[in-house]
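Student:
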Amino acid sequence: MSQIPHHIAIVMDGNGRWASKRFLPRIAGHKQGVDSLRRCVRTAGQRGVKVLTVFAFSSENWNRPIDEVSGLMDLFAMALGREVPQLKADGVRIFFVGERAGLSAKVTAGIEQAESATASNSRLILNVCFNYGGRWDIVQAAAKLAAKGQVVTEQALSAAMALAHVPDPDLVVRTGGEQRISNFMLWQSAYSEFYFSDKLWPEFDEAELDRAIASFNQRERRFGKTSDQIAAQVPVDRNS
Ligand code: IPE
Ligand code: IPE
Ligand code: MG
């Protein structure tokens with residue numbers, strides 16, 4: 088029986104290379120990346136995925152050339168305005184995860200509008216990690232606990248994280264051929280399965296998402312236990 092991962096997280100990498108291969112400016116790859124994300128959200132919803140988390144802009148991406156950074160910010164604000172009505176109609180609830188300070192008023196307004204417009208949806212949660220880093224999240228969670236004088240436990244830290252509203256990802260996908268985490272979901276991916284795809288993000292399609300899910304289904308998640316223990320366990324269906 089094929090199991091659909093409850094939560095899939097994706098490092099959408101390879102937009103720049105997709106554009107360079109076609110002698111196009113890098114921003115053309117990012118534009119194509121938005122189309123790929125729209126398709127991916129639709130497919131994930133159809134397959135029964137409940138949470139999709141995507142890495143759109145990292146804490147470190149500010150170090151790119153200024154033209155690319157401002158192009159990404161403009162594209163982000165534009166895509167937000169354009170995509171939200173359809174996402175809303177499709178039952179998608181959007182959350183933005185990341186440091187808001189340092190974002191322009193236009194981007195911040197777009198984020199707030201998208202979150203409030205989709206707040207009553209529940210078919211699929213879409214977390215867009217923007218100005219996000221796994222280290223940032225751990226540090227801001229620790230700072231929250233410290234400010235309240237709370238004891239640091241795994242549970243307390245998890246609850247203070249920016250991604251506390253969703254369970255940890257079952258499957259983390261990275262496109263673009265690199266096999267690294269690049270500061271994505273450092274805390275939450277402790278027991279995630281990984282799928283590295285050679286496809287560049289603009290080329291990531293339904294078939295590749297299905298391959299990632301099929302690969303996930305071949306894995307035995309042991310969480311530190313033995314195979315025999317896992318085999319004796321009664322399966323739990325989180326989606327029912
Ligand atoms: C990922 O694609 C998107 C962002 C980081 C914003 P890249 O822009 O990193 O594409 P490559 O890795 O240079 O091909
Ligand atoms: C990771 O991709 C960040 C996003 C996809 C938003 P990068 O392209 O920034 O990662 P590195 O620099 O190759 O590790
Ligand atoms: Mg990259």
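The letter at position 173 of the sequence shown is residue 260 when you use my numbering, and the numbering goes up by one with no holes. Don't be surprised by glycine CBs; every beta carbon is placed ideally from N, CA and C.
Between Ala201, Trp223 and Arg134, which lies nearest to Ala249 when the distance is taken from Cα to Cα?
Tutor: The residue labelled residue 249 in the question sits at position 162 within the sequence shown. Comparing Cα-Cα distances from Ala249 to each of Ala201, Trp223 and Arg134, the minimum goes to Trp223.
Student: What do you reckon, is the C-beta of Gly220 under 7 angstroms from a heavy atom of ligand 3?
Tutor: For the purposes of this step, residue 220 is taken as the residue at position 133 of the sequence shown. No, the Cβ of Gly220 stays beyond 7 angstroms of every heavy atom of ligand 3.
Student: Val330 lies in the alpha helix (DSSP H); which residues open and close that run?
Tutor: Not covered by the structure: residue 330. The range shown for the chain is 88 to 327.
Student: For Pro61, which option in Ala204, Gly101, Phe183 and Ser191 has the closest C-alpha, if you only look at C-alpha atoms?
Tutor: The structure shown does not extend to residue 61, since the chain spans only 88 to 327, so no value can be given for it.
Student: Short of 6 angstroms in beta carbon distance, which residues of its chain neighbour Phe283, apart from the five on each side in sequence? Order them along the chain.
Tutor: As a working note, residue 283 is residue 196 in the sequence shown. These residues qualify, in order along the chain: Arg261 and Gln266.
Student: What does the Cβ neighbour count give for Asn150, buried or exposed, with the cut at 16 atoms within 10 Å?
Tutor: Residue mapping note: residue 150 aligns to position 63 of the sequence shown, counting from 1. Asn150 is exposed by the Cβ-count criterion.
Student: Between Ile97 and Ile300, is the Cβ-Cβ spacing less than 8 angstroms?
Tutor: The residue given as residue 97 occupies position 10 in the sequence shown. The residue given as residue 300 occupies position 213 in the sequence shown. It is not a contact, given that the beta carbons lie outside the stated cut-off.
Student: Measure the alpha-carbon distance for Val121 versus Val215 and round it to whole angstroms.
Tutor: Here residue 121 corresponds to residue number 34 of the sequence shown, with the count starting at 1. Here residue 215 corresponds to residue number 128 of the sequence shown, with the count starting at 1. Val121 and Val215: Cα-Cα distance of roughly 12 angstroms.
Student: Straight-line CA distance for Gly328 to Gln305?
Tutor: The structure shown has nothing for residue 328, since the chain only spans 88 to 327.
Student: Taking the alpha carbon of Arg180 as the reference point, which residue from Ala294, Met165, Leu213 and Phe142 has its own alpha carbon closest?
Tutor: Taking the sequence shown and counting its residues from 1, one reaches residue 180 at position 93. The shortest Cα separation from Arg180 among Ala294, Met165, Leu213 and Phe142 belongs to Leu213.
Student: Using CA coordinates, which residue listed in Glu202, Gly264, Val259 and Leu287 is at the minimum distance from Trp274?
Tutor: Position 187 of the sequence shown, counting from 1, holds the residue named residue 274. Looking at the Cα atoms, Val259 is the closest of the given residues.
Student: Are the region 190-204 and the region 155-172 touching, with three or more C-beta to C-beta distances below 8 angstroms?
Tutor: Short answer: they touch.
Student: Just reading off the beta strand (DSSP E) that Ser145 is part of, what are its end residues?
Tutor: Taking the sequence shown and counting its residues from 1, the one referred to as residue 145 is at position 58. Note, Ser145: beta strand (DSSP E), Val138 to Ser145.
Student: Applying the 10 Å Cβ sphere with the 16-neighbour rule, what's the burial state of Arg309?
Tutor: On the sequence shown, position 222 is the one that residue 309 refers to. By the neighbour-count rule (16 or more Cβ atoms within 10 Å), Arg309 is not buried but exposed.
Student: With a cut-off of 8 angstroms on the beta carbons, I'd call Glu293 and Thr130 a contact; round off their distance for me.
Tutor: Counted from its first residue, the sequence shown places residue 293 at position 206. Counted from its first residue, the sequence shown places residue 130 at position 43. Indeed they touch by this definition, with Cβ atoms about 5 angstroms apart.
Student: Under 7 angstroms: does the beta carbon of Asp257 sit that close to some heavy atom of ligand 4?
Tutor: The model depicted lacks ligand 4 and carries ligand 1, ligand 2 and ligand 3 instead.
Student: Report whether the distance from the Cβ of Glu329 to the nearest heavy atom of ligand 2 is below 7 angstroms.
Tutor: Past the edges of the chain, shown from 88 to 327, lies residue 329, and the structure says nothing about it.
Student: Kindly examine ligand 1 and report whether one of its heavy atoms sits closer than 7 angstroms to the Cβ of Phe310.
Tutor: If you number the sequence shown from 1, residue 310 lands on position 223. No, since every heavy atom of ligand 1 falls outside the 7 angstroms radius drawn around the Cβ of Phe310.
Student: Please state the DSSP three-state secondary structure of Asn208.
Tutor: Position 121 of the sequence shown, counted from the start, is the residue given in the question as residue 208. Residue state, collapsed to three classes: coil.
Student: By how many angstroms is the C-alpha of Gly135 removed from the C-alpha of Ser89?
Tutor: Position 2 of the sequence shown, counting from 1, holds the residue named residue 89. Position 48 of the sequence shown, counting from 1, holds the residue named residue 135. Approximately 12 angstroms, taken between the alpha carbons.
Student: Which residues bound the beta strand (DSSP E) around Phe182?
Tutor: Working through the sequence shown from its first residue, we reach residue 182 at position 95. Its beta strand (DSSP E) spans residues Val179 to Val184.
Student: Run the CB neighbour count on Pro289, radius 10 Å, all protein chains shown included, and call it buried at 16 or more, exposed below.
Tutor: Working through the sequence shown from its first residue, we reach residue 289 at position 202. Buried, since its Cβ has 16 or more Cβ neighbours within 10 Å.
Student: Quick check: is any heavy atom of ligand 1 less than 7 angstroms from the C-beta of Gly189?
Tutor: As a working note, residue 189 is residue 102 in the sequence shown. No, the Cβ of Gly189 stays beyond 7 angstroms of every heavy atom of ligand 1.
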